[in-house]
Amino acid sequence: MIHVQNLTKRYGDLTAIEDVSFDVQKGEILAFLGPNGAGKTTTMRILTCFMPASSGSASVAGFDIFDQPQEVKKRIGYLPESPPLYTEMTVTEYLTFISKIKGIERRDRTQALARVLERCALTEVRRRLIGNLSRGYRQRVGLAQALIHNPEVLILDEPTTGLDPKQIIEMRQVIKELAGQHTVILSTHILPEATAVCQRVIIIHEGRIVAVDTPDRLSAQLRQSDKIRMTLKTPLPETADALKIVPGVLSVFHEPSPDGQVFIVECDLGRDHRAELASLAVHRGWGLVELTAVKLSLEDVFLKLTQEETKEAAA
Amino acid sequence: MKSTLAIAGKELRVLFTSPMAYVVTAVFILITGYLYYNIVLFASTQSMQIMRAQGALPKINLNDLIFRPTFHNMAVILMLTLPLLTMRLLAEEKKIKTMELLMTSPVPLLAIVLGKYIATMVVFTFMLALTGYMPLLMWYYGSIQWMPILTGYLGIWLLGGVFIAVGLLASSLTENQIIAGFIGFGAVLILWLIGWLSQTMADSPLGPFLAYLSIGEHTENFIKGMIDTGDLVYQASLIVLGLFITHRIMESQRWK
Ligand SMILES: Nc1ncnc2c1ncn2[C@@H]1O[C@H](COP(=O)(O)OP(=O)(O)OP(=O)(O)O)[C@@H](O)[C@H]1O
Ligand SMILES: [Mg+2]
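As structure tokens, then:
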């Protein structure tokens, strides 16, 4: 449904996204996960034809975003980062205007409006001025705007930011219900959110895709191991191999640091390997300086993946 | 076409639900009315004096005596008030991020520009129509020629059309309404003041050229009661040019 190939966008000297490629199947929900400034919004703005890419190509529902932007725009519902609302209008007035600019025929308008009010639970506030609505309701009006013409593709930029926990759950529920009939791309910086609603996650950092996987596998990757960080003054060439054969050790990463060599040892969950590793290091005379357990938080997925990416790029 | 009307309709709704259109209209009507009253007062004392001196009812031309200065006043007041009406047109949409909505909906950019222009022209036409009480009063209490009044209105309407196109252009340049308003006002003032420069430089070869550029020059004939094709072409091309440049600017902003 969506096909993106080698997209790059530069703002002057700053490269916002670089060489981004991915595909989204029909009916799939895909999350863009990344820290602030990762390039999520930029990618979405390119896909919605708000701005052109510096290079690369993309197509939505079979239409090229550069050659046939009108066709693409007709098939996309887009909820930007800050919901684009006219605060002086009532909800109904606003959605009626939207239905006009999205080209919904007059005779279908009432029905489209009723459907979307119902779906986004806005029926009760439909006569109120948007400016007087709470943040959560405004976000829903924003979503209603994206949904009104029943588009094949939905692009939602951080649809749950600024909502309270109850509203977040409701919003996620609405998005989940969209799967199947609609193809959805949403962005978020919260991993659990991606896990909760999406079938596939793209982790993006500093404009590059660093991982594409299902949420299950991503979190599995997270939880399957403990990490122990060892700093050794005088390691031997075979140290890494010696660490690897310790029972329970899965893998060993090695990197130099100012006060010795750092070994990141990845171990099985459940058992503390620190004592074992310490005695081994002392026994072999590797000059153990420091040994700590590394807590792998959700944020560390980004960090880990992005550091590896940077290292690869440097190599 | 449909989308142009949709944009224009939305713009009108916003203009008339916010106090902006009313405030601008009220100020325009008040000031033009006040100046008109002064002119009428001045004209009547003058004709009184002439009557005393000649001992008979003088044959005065109300068109020349009252409506020419009134149209001139209108032009100046429009220069001050129309930028207030145009400043928010595009700047506000950028500021509150609704431009992203318009630009990602299947509405051509041209429809956005035209829709906004048409909506503002509707408000302006309404403003201008309200001053219709001036000739109606004169017609009721005295005698006037309607033709020069109508051409005068046409001239002022076209002039306002240019001011609005220029103001719209100014609004496309920034997302700050105040700055857009000032740029619009400055640009309109320059169009007007070129006329002064052309008078001081009348001897140099540049003089006639500057006179041609000056917008006042092209409004004068209308106010005198003449419709000149050259003037029509001038005003129409300024409007088209203003809208065209606005369109180009908006397009280029996507590429930033
Ligand atoms: N109009 C612009 N001009 C210059 N730089 C920009 C512009 N828009 C975005 N950037 C830069 O491009 C990079 C990517 O920004 P983008 O908004 O796509 O990030 P994001 O992933 O959406 O972040 P967030 O989670 O904060 O919304 C950032 O470094 C940002 O500063
Ligand atoms: Mg963003």
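Read top to bottom, the protein sequences are chains A and G. 260 is the number that the working numbering gives to position 260 of the first sequence; each next residue is one higher, with no gaps. 544 is the number that the working numbering gives to position 229 of the second sequence; each next residue is one higher, with no gaps. Ideal Cβ positions, reconstructed from N, Cα and C, are used throughout, including at glycine.
Next on the checklist: Would you say the beta carbon of residue 571 of chain G is closer than 8 Å to some non-hydrogen atom of ligand 1?
Outcome noted: Because some heavy atom of ligand 1 lies under 8 Å away, the Cβ of residue 571 of chain G counts as near it: yes.
Checklist entry - Is the beta carbon of residue 282 of chain A less than 9 Å from the beta carbon of residue 265 of chain A? => result Taking 9 Å as the Cβ cut-off, residue 282 of chain A and residue 265 of chain A do not qualify as a contacting pair.
Checklist entry - When the Cα of residue 76 of chain A is compared with those of G:517, G:455, G:421, which residue comes out closest? => result Out of G:517, G:455, G:421, G:421 has the C-alpha closest to the C-alpha of residue 76 of chain A.
Item to check | Cutoff 6 Å; reference residue 278 of chain A; Cβ partners in own chain excluding five residues on either side | outcome: Its chain contains 291 as the residues whose beta carbon lies nearer than 6 Å to that of residue 278 of chain A, once the 5 sequence neighbours on both sides are disregarded; these appear in chain order.
Next on the checklist: Whether or not the region 554-566 of chain G and the region 425-443 of chain G are in contact is what I'm after, with contact meaning three or more pairs of Cβ atoms, one per stretch, closer than 8 Å; do they touch?
Outcome noted: A contact exists between the region 425-443 of chain G and the region 554-566 of chain G.
Checklist entry - Would you call the region 319-327 of chain G and the region 380-390 of chain G in contact, with 3 or more CB pairs under 8 Å? => result Result no; under three Cβ-Cβ pairs closer than 8 Å.
Next on the checklist: Is residue 41 of chain A close to ligand 2? I mean its beta-carbon at under 8 Å from any heavy atom of the ligand.
Outcome noted: True, at least one ligand heavy atom lies under 8 Å from that Cβ.
Next on the checklist: For residue 419 of chain G, count the other beta carbons within 10 Å of its own beta carbon; 16 or more makes it buried, fewer makes it exposed. Which is it?
Outcome noted: Around the Cβ of residue 419 of chain G, a 10 Å sphere holds 16 or more other Cβ atoms; the residue is buried.
Item to check | Residues of the region 24-57 of chain A with Cβ closer than 9 Å to any Cβ of chain G, in chain order | outcome: Listed in sequence order: 45, 48, 49, 50, 51, 52.
Next on the checklist: Counting only beta-carbon separations shorter than 9 Å, does residue 434 of chain G have a partner in chain B?
Outcome noted: Given the protein chain composition of this structure (A and G), no chain B is represented.
Item to check | Enclosing alpha helix (DSSP H) for residue 388 of chain G [first to last residue] | outcome: For residue 388 of chain G, the enclosing alpha helix (DSSP H) starts and ends at 383-401.
Checklist entry - Which residues bound the alpha helix (DSSP H) around residue 332 of chain G? => result It spans 317-332 - the alpha helix (DSSP H) in which residue 332 of chain G sits, taken as one unbroken run.
Next on the checklist: Quick check: is any heavy atom of ligand 1 less than 8 Å from the C-beta of residue 83 of chain A?
Outcome noted: Proximity of the beta carbon of residue 83 of chain A to ligand 1 is not indicated: no heavy atom of the ligand is located closer than 8 Å.
Checklist entry - Would DSSP call residue 90 of chain A helix, strand or coil? => result In this structure, residue 90 of chain A counts as strand in the three-state DSSP scheme.
Checklist entry - Closest by CA to residue 87 of chain A, which one among A:55, A:14, A:141, A:25? => result Restricting attention to A:55, A:14, A:141, A:25, the CA atom closest to the CA of residue 87 of chain A is found in A:141.
Checklist entry - Within the present structure, is the beta-carbon of residue 58 of chain A separated from the nearest heavy atom of ligand 1 by less than 8 Å? => result Checking the Cβ of residue 58 of chain A against ligand 1 gives no.
Item to check | Distance cut-off 8 Å: residue 415 of chain G Cβ against heavy atoms of ligand 2 | outcome: Here the distance from the Cβ of residue 415 of chain G to the nearest heavy atom of ligand 2 is not below 8 Å.
Checklist entry - Hey, is residue 564 of chain G's beta-carbon within less than 9 Å of any beta-carbon in chain A? => result Output row for residue 564 of chain G: interface = no.
Item to check | Continuous alpha helix (DSSP H) stretch holding residue 61 of chain A: start and end | outcome: Neither: residue 61 of chain A is in no alpha helix (DSSP H) and is coded neither H nor E.
Next on the checklist: Can you pull out the residues from the region 326-357 of chain G whose beta carbon lies closer than 8 Å to at least one beta carbon of chain A?
Outcome noted: For the region 326-357 of chain G, which is checked against every Cβ of chain A, the residues closer than 8 Å are 328, 329, 332, 333.
Item to check | Coil, strand or helix - residue 491 of chain G by DSSP | outcome: Coil.
Item to check | Residues of its chain near residue 94 of chain A, where Cβ-Cβ distance is below 8 Å and the 5 sequence neighbours each way are ignored | outcome: Once the five neighbours on either side are set aside, the close Cβ partners of residue 94 of chain A are 85, 86, 130, 141, 145.
Item to check | Length of the line joining the Cα atoms of residue 147 of chain A and residue 333 of chain G | outcome: Taking the straight line joining both Cα atoms gives about 28 Å.
Checklist entry - In angstroms, rounded to a whole number, what distance separates the CA positions of residue 532 of chain G and residue 41 of chain A? => result Cα to Cα, residue 532 of chain G sits roughly 50 Å from residue 41 of chain A.
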